[in-house]
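Participant: Under this note's numbering, the letters of the sequence shown match residues 39 to 324, in that order. Glycine is no exception: its CB is placed at the ideal position from the N, C-alpha and C atoms. Predicted, not measured: the structure shown is a model, and the values here were computed from it.
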Amino acid sequence: MSHPIPAPALARTPEELGRLRSRLGRVALVPTMGALHNGHRSLIAAAREHADAVVVSVFVNPLQFGPGEDYERYPRDLDADLAVCAEEGVALVFAPSVEDMYPGEQIVRVDPGPMGAVLEGASRPGFFGGVLTVVNKLFNLVRPDIAVFGQKDAQQLALVRRMVRDLNMPVTVVAAPTMRDPDNLASSSRNAYLSPEERRSALALSRALLAGADASVTGPVGILSAARAVLDEAAQATPPVSVDYLALVDAGTFTEVAADHRGDAVLLVAAWVGRTRLIDNVPLTL
Ligand code: PAF
Numbered sequence: 039m040s041h042p043i044p045a046p047a048l049a050r051t052p053e054e055l056g057r058l059r060s061r062l063g064r065v066a067l068v069p070t071m072g073a074l075h076n077g078h079r080s081l082i083a084a085a086r087e088h089a090d091a092v093v094v095s096v097f098v099n100p101l102q103f104g105p106g107e108d109y110e111r112y113p114r115d116l117d118a119d120l121a122v123c124a125e126e127g128v129a130l131v132f133a134p135s136v137e138d139m140y141p142g143e144q145i146v147r148v149d150p151g152p153m154g155a156v157l158e159g160a161s162r163p164g165f166f167g168g169v170l171t172v173v174n175k176l177f178n179l180v181r182p183d184i185a186v187f188g189q190k191d192a193q194q195l196a197l198v199r200r201m202v203r204d205l206n207m208p209v210t211v212v213a214a215p216t217m218r219d220p221d222n223l224a225s226s227s228r229n230a231y232l233s234p235e236e237r238r239s240a241l242a243l244s245r246a247l248l249a250g251a252d253a254s255v256t257g258p259v260g261i262l263s264a265a266r267a268v269l270d271e272a273a274q275a276t277p278p279v280s281v282d283y284l285a286l287v288d289a290g291t292f293t294e295v296a297a298d299h300r301g302d303a304v305l306l307v308a309a310w311v312g313r314t315r316l317i318d319n320v321p322l323t324l
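1) Go ahead and pull the three-state DSSP assignment for T210.
2) DSSP on A303, reduced to helix/strand/coil?
3) What's the gap between the Cα of L286 and the Cα of L195?
4) Can you find a C-beta in chain C that's less than 8 Å from the C-beta of M207?
5) Assuming F177 and A213 are in contact, meaning their beta carbons sit under 8 Å apart, how far apart are those beta carbons, in whole angstroms?
6) Measuring only from the beta carbon, is Q102 closer than 7 Å to any heavy atom that is part of ligand 1?
7) Measuring alpha carbon to alpha carbon, tell me which of G63, V311, R238 and L101 ends up nearest I145.
8) Am I right that S225 and R218 are in contact with their C-beta atoms under 8 Å? What's the rounded C-beta distance?
9) Label A45 either buried or exposed according to how many other C-beta atoms from any shown protein chain fall within 10 Å of its C-beta, with 16 as the threshold for buried.
10) Is D138 near ligand 1, going by C-beta to nearest heavy atom under 7 Å?
11) Going along the chain, which residues of its own chain have a beta-carbon closer than 8 Å to the beta-carbon of E107, five neighbours each way excluded?
12) Between which residues of its own chain and A249 is the CB-CB distance below 6 Å, once the five residues before and five after are set aside?
13) Identify which residue in T323, Q274, L55 and W310 has its Cα closest to the Cα of K175.
14) Please name the residue, chosen from E143, F166, R147 and V148, that lies closest to G154 on a Cα-to-Cα basis.
Rendered as structure tokens:
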């Protein structure tokens, strides 16, 4: 006999969250912007391993979108997200409104410092300030013991770790590996924007990272040129892949590594395919 999947409790306001949170023991938080996919399922699975109860937040955070970015068209489907959370055994979903999260102007914000000004931060000014501010608010509201973030957003993960350390936040940050679709495209809510042709072109991102990883014995220069060769070819494809950055960085500081670097590093790529901006990365040991 199959048992019905218990629906997670739903908190729409900080007050409801406070009431429901107090009934839970050790909590692992998975902060999301909804449009939950397999990548989120793996974050929830990692969260389950670390706590008595998993809380998922679903909030498309206006603070982290710049003018002209996809805030309005970002996919929103709370019923579908609740169904995923039920399947994954989530105890509580926190899905506040913008008015509840930002009842007035958000004057005080978290400054991500120099690590937030490079790469994603350079291409998306204000992005990491918006991310860290909402993550800080979610930590204060949910009071999690653990928080799970994906390696897919490697710079975000590093900055959250740094914020927790620098601001003495009582939260343990757990990283979950990047999930990939069967064609090797990194799982992302923004993949839904891609036409079949764009998706085919977008596969160059993971191919470039793989080429870089295969060249890791040759050191930073060899890694970058192997990855660059794949992206140069993809720039000629239809539709073309337009690279924003390709970089090999220190995993702790996100500064580019020197040509003689040995040890851990992350190879990162960001690119446009049509109107969709995609990011991907692979951790490497040189
Ligand atoms: O990675 C995301 O989905 C968002 O940046 C986060 C961490 C939920 C903050 O809005």
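Facilitator: Straight from the coordinates:
1) Looking at T210 - three-state DSSP - the assignment turns out to be strand.
2) A303 falls in the strand class under three-state DSSP.
3) One C-alpha to the other measures close to 16 Å.
4) Any reference to chain C falls outside this structure, which holds one protein chain only.
5) Their Cβ separation, rounded to whole angstroms, is 16 Å, which puts F177 and A213 out of contact at 8 Å.
6) Within the cutoff, so yes.
7) Nearest option by C-alpha distance: L101.
8) At roughly 6 Å, the Cβ-Cβ gap stays under 8 Å, so S225 and R218 are in contact.
9) Under the 10 Å beta carbon count, A45 is surrounded by fewer than 16 other beta carbons and is classified as exposed.
10) No, since every heavy atom of ligand 1 falls outside the 7 Å radius drawn around the Cβ of D138.
11) Excluding five sequence positions before and after E107, the CB atoms of its chain that fall closer than 8 Å to its own CB belong to R162, given in chain order.
12) Answer for A249: A264, A265 and V268, listed in chain order.
13) Checking every option, the nearest Cα to that of K175 belongs to L55.
14) Ranking E143, F166, R147 and V148 by Cα distance to G154 puts F166 first.
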